[in-house]
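In the numbering used here, the protein residues as written are 3 to 199. Structure first, commentary second.
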Ligand code: IMP
C-alpha cells in the first residue's frame with residue numbers, strides 16, 4: 003500500500019503522536035505547522051461538531067488536502083450541557099484549567115446530581131466527502147480535585163466504573179476509555195477500512 007498523507011488540524015504535537023501511533027504505518031499524519039499553516043482558526047461555532055467542521059473545512063479549502071479536526075467539551079447535566087463547547091474558556095478567556103475547575107466546583111456546590119460526560123467530535127474531509135465521528139465518556143464531577151496527572155478537568159472527573167479520577171490513571175488507561183480515545187478509534191477503523199476496500 004502506498005503511503006497516504008492526512009492533515010490533523012492541530013498544533014498539539016502530543017495529540018498528533020497519539021493518533022499517529024494508532025494508525026497503520028501506511029498513514030502519515032501532518033500537523034498544521036508541517037503544511038506551513040500558522041493562521042489562527044477561530045472556533046466560533048456554538049457546537050463541538052460545528053467547530054470540528056469549521057477547522058477541517060478551513061484547511062481543506064485553503065490547502066486542498068484531506069484533513070480532520072477535533073473538538074472536545076465537558077457536558078454537565080445539572081448545567082444543561084455546559085460548559086460544553088466553552089470548556090477551555092469557562093472561567094475567562096485565559097484557558098486556565100485551575101480557574102475553570104474552581105468555577106465548575108463552585109457552580110455544583112451542594113448539588114447531588116453530578117453526572118457529566120466528555121464528548122469529542124471529529125470531522126474528516128476525505129476525497130471530497132465529509133464524515134463525523136463521536137466519542138463519549140460518561141462519569142461524574144467530584145466535589146474536590148483528586149490526582150496530579152492529565153490536564154484540563156481531569157482531577158475533578160471520575161469516569162463511570164472507576165473509583166479514581168482521570169488524573170489518577172495512566173495515559174494509556176485513559177486512552178482506552180476516554181471520549182477522545184473512542185472517537186479516534188472510530189476514525190482509525192474507518193480510515194483503515196476505507197483504504198483497504
Ligand atoms: P480541545 O477541543 O481538545 O482543545 O478541548 C477543549 C477543552 O476541554 C480543553 O481546554 C480542556 O479544558 C477540556 N478537555 C478536553 N479534553 C479533556 C480531557 O481529556 N480531560 C480534561 N479536560 C479536557
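All C-beta atoms in this analysis are idealised placements derived from N, C-alpha and C, irrespective of residue type, glycine included. All values derive from a computational prediction rather than experimental measurement.
Reduced DSSP category for residue i - H, G, I as helix; E, B as strand; rest coil
i	result
residue 124	strand
residue 176	helix
residue 64	helix
residue 185	helix
residue 73	strand
Proximity below 8 Å, CB of residue i to CB of residue j
i	j	result
residue 137	residue 122	yes
residue 67	residue 186	no
residue 10	residue 33	yes
residue 92	residue 102	yes
residue 144	residue 160	yes
CA nearest to the CA of residue i, picked from the options
i	options	result
residue 125	192, 86, 40 and 172	192
residue 31	70, 54 and 52	70
residue 25	101, 104, 7 and 56	7
residue 176	108, 156 and 188	156
Limits of the beta strand (DSSP E) - the one that residue i falls within
i	result
residue 206	The structure shown does not extend to residue 206, since the chain is modelled only from 3 to 199, so the question has no answer here.
residue 25	Counting along the chain, residue 25 falls outside any beta strand (DSSP E), and DSSP gives it neither H nor E.
residue 6	6-10
Checklist entry - Which parts of the region 75-127 are runs of the beta strand (DSSP E), unbroken and 3 residues or longer, counting only runs that do not cross its ends? => result 84-86, all fully within the region 75-127.
Checklist entry - At what residue ranges does the region 136-180 contain a whole run of the beta strand (DSSP E), taking only runs of 3 or more? => result 159-161
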